[in-house]
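Heads up: the structure comes next, in structure tokens.
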């Protein structure tokens, strides 16, 4: 187990070293994170002030900010579409060869690379989350248990999201180019996972369909825990469902990968 | 026998289309597929500690064979056993015994120094700290790249990069190493250094090497035995020098007399042997036996100032072989 942890932690370590190699990129990346949050804040402030609104569909300005900030954070942390595009390219061009000839798992290696690349976001967002109860008191993390619940749901969301992407990536073994599929999924799940609009504002018929899929666990679930919109008695059953989806998607990914690797062309010299 | 390949075949399904936009458009709706036979019924056995050269023209199937041997590809039919493992099952214990260096692909991380990629490989292959340090020290000194260890890979020259790739591939002391065009694009000195290194490493550790290269000097310097593939099929498996002699049994002679030899005697010799005489220097390209006879007769004409006998350039020989290989192997 220690060897396994050492092996894959080394991958994360490599991504950190790589990120630090380019100082300017790291600094601009940090700024970009804050600029996204700042833009959302300024736009919604203007909307509320211009319309002289106190609330929109039950959301006060601070409540909406809390929701949107958390959605942006969760959406950013769980989205591995850039890693997925790299994986597709590596299958298509034969770059994957360098993973297959070594005793490492293609799935886990890239998962760790994804975690490593996202580390800057984790650090910055942790700081933001610590400031949350101070900046927007009463709108998120009312108790310590909510923080624990949010972190657990977030970890599930990150893994589940990666597993879903991985299944799509594996279709590159047959079709070569499946970036369109990944991008289409990425765009649709921004809406259908509740990243822009809270799922509870969706019509019942649409929400019933979303509830049959793992999408509800990607953004809405962790944010609903953080904002105390999900009663505590539903946390455990929901987490059970989310973990079941993790198992289903992991197994599906494994089956698709195993059958895809049989037709892998290993192109390129 | 550590490597056994029995009746190995690999076919690819490929689609073909006409050139141009209209061809692309037609192919979008009506794609035509063809089966490409990359390898057909290949059988070969390789001994422990051997250096086997795999020869063939571009597209002959050399790289496909290597990819099958390391488990990158699943075969269409046939069997491969490497130290008891089936490569495409990709068991961790199997992957720790092999290594591949592909001249046109790299495993090093481009933006950071090679030393970091070596550390990653240490963890991936679970190499104990002392073994890692000793092996790295030895390899770095043998390939003379100690001062480049902490330079970003993208800033290294092609030769330095290839040396680093070789180090990364050997850190875990693999039993079998597959080198696919390891000297491609390198200058003569870098090629020589890598050749010397492979020879030394093979002799010291008895590591089995499988080598493909378009540079016949690599093959000549390293491989006693070669396996020739032509259009996906096995064509020759045996001694490289025998193959060269079969294709071109001639050797080159340069015989320099102390003084201009007797004309009537040289004319008589020219009735039996094909040569050219420029004043005191005689040039001939003849099969080995004939050449030996000619030399002994030349000694009777006068004392030589110098004699040089050498093989014809192996590159030229193999080029003529690949133009029509069946002709030489009948």
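Protein chains in written order, with the numbering used here: chain W, 1 to 269; chain X, 1001 to 1330. Virtual Cβ for every residue (Gly too), placed ideally from N, Cα, C. The structure displayed is predicted, hence computed values, not measured ones.
**OP:** Under 7 Å Cβ to Cβ from residue 1238 of chain X, same chain only, skipping five residues before and after it: list those, please.
**Re:** Excluding positions up to five away in sequence, the list reads 1225.
**OP:** Would you check if the distance between the CB atom of residue 1317 of chain X and the CB atom of residue 1244 of chain X is smaller than 8 Å?
**Re:** Yes; because the gap between Cβ atoms is below 8 Å, this pair is in contact.
Original post:
From the beta carbon of residue 14 of chain W, is the nearest beta carbon of chain X less than 8 Å away?
Top reply: Yes, residue 14 of chain W lies at the interface with chain X (some Cβ there is under 8 Å from its Cβ).
Original post:
Quick one, are the C-beta atoms of residue 1313 of chain X and residue 1256 of chain X less than 8 Å apart?
Top reply: No, Cβ-Cβ distance for residue 1313 of chain X and residue 1256 of chain X is not below 8 Å.
Original post:
Does residue 85 of chain W get closer than 8 Å to chain X when you measure Cβ to Cβ?
Top reply: False, the Cβ-Cβ gap to chain X never drops below 8 Å.
**OP:** Check whether the Cβ atoms of residue 253 of chain W and residue 121 of chain W lie closer than 8 Å to each other.
**Re:** Contact: no.
Subject >> Which listed residue (X:1044, X:1021 and X:1014) has its alpha carbon closest to that of residue 1002 of chain X >> reply: Closest option to residue 1002 of chain X, Cα to Cα, is X:1044.
Subject >> Touch test, the segment 1115-1132 of chain X against the segment 127-144 of chain W, Cβ-Cβ under 8 Å, three pairs minimum >> reply: Between the segment 1115-1132 of chain X and the segment 127-144 of chain W, the count of C-beta pairs closer than 8 Å stays below three; the two stretches do not touch.
Original post:
Rounded to a whole number of angstroms, what is the C-alpha to C-alpha distance between residue 1074 of chain X and residue 1011 of chain X?
Top reply: Each residue's alpha carbon lies about 10 Å from the other.
**OP:** Could you check which residue in X:1114, X:1191, X:1229 and X:1223 has the C-alpha nearest to that of residue 1242 of chain X?
**Re:** Closest in alpha carbon position to residue 1242 of chain X, among X:1114, X:1191, X:1229 and X:1223, is X:1223.
Subject >> Contained beta strand (DSSP E) runs [length at least 3] in the segment 1215-1240 of chain X, N- to C-terminal order >> reply: Counting only runs of 3 or more, we get 1225-1230 and 1233-1239.
Subject >> Residues near residue 218 of chain W by beta carbon distance below 7 Å, same chain, minus five either side >> reply: So the qualifying residues of the chain are 78, 157, 160, 161, 189 and 193.
Original post:
Within 8 Å (strictly less), CB to CB, does residue 89 of chain W reach chain X?
Top reply: Closer than 8 Å: no.
Original post:
What span of residues does the beta strand (DSSP E) with residue 19 of chain W cover, start to end?
Top reply: Going by DSSP, residue 19 of chain W is part of no beta strand (DSSP E) but of the alpha helix (DSSP H) stretching over 2-21.
**OP:** Would you check if there are 3 or more beta carbon pairs closer than 8 Å linking the segment 1039-1056 of chain X to the segment 239-253 of chain W?
**Re:** Three or more beta-carbon pairs separated by less than 8 Å are not found between the segment 1039-1056 of chain X and the segment 239-253 of chain W, which leaves the two stretches without contact.
**OP:** Give a yes or no on contact between the segment 33-44 of chain W and the segment 134-141 of chain W, applying the rule of three or more CB pairs nearer than 8 Å.
**Re:** Too few Cβ pairs lie closer than 8 Å, so no.
**OP:** Would you mind working out which of W:8, W:249 and W:86 sits nearest residue 1125 of chain X, comparing C-alpha positions?
**Re:** That would be W:8, whose Cα lies nearest to the Cα of residue 1125 of chain X.
**OP:** Could you name the residues of chain W that residue 1012 of chain X contacts, counting a contact when the two beta carbons are closer than 7 Å?
**Re:** In chain order: 265.
Subject >> Close beta carbons around residue 1136 of chain X, own chain, < 8 Å, minus the five adjacent residues each side >> reply: Answer for residue 1136 of chain X: 1118, 1167 and 1171, listed in chain order.
**OP:** Kindly indicate the opening and closing residues of the beta strand (DSSP E) around residue 1177 of chain X.
**Re:** 1176-1180 is the extent of the beta strand (DSSP E) around residue 1177 of chain X.
Subject >> Extent of the continuous alpha helix (DSSP H) run through residue 1095 of chain X >> reply: Run containing residue 1095 of chain X: 1092-1095, per the alpha helix (DSSP H) assignment.
Subject >> Within 9 Å of chain W by C-beta, residues of the segment 1055-1087 of chain X in sequence order >> reply: Within the segment 1055-1087 of chain X, the residues whose Cβ lies closer than 9 Å to any Cβ of chain W are, in chain order, 1063, 1064, 1067, 1070, 1071, 1072, 1073 and 1074.
Subject >> Nearest neighbour of residue 19 of chain W, chosen from W:64, W:226, W:234 and W:114 [CA to CA] >> reply: Per the Cα distances, W:114.
Subject >> Rounded Cβ spacing between residue 1078 of chain X and residue 1007 of chain X (contact assumed at less than 8 Å) >> reply: Taking C-beta atoms under 8 Å as the contact rule, residue 1078 of chain X and residue 1007 of chain X qualify, at a distance of about 4 Å.
Original post:
Below 8 Å between beta carbons: does that hold for residue 11 of chain W and residue 109 of chain W?
Top reply: Taking 8 Å as the Cβ cut-off, residue 11 of chain W and residue 109 of chain W qualify as a contacting pair.
**OP:** Count the C-beta pairs between the segment 1202-1214 of chain X and the segment 1276-1294 of chain X that are closer than 8 Å, then say yes if the count reaches three, no if not.
**Re:** With a cut-off of 8 Å, the segment 1276-1294 of chain X and the segment 1202-1214 of chain X do not count as touching, because too few Cβ pairs lie within range.
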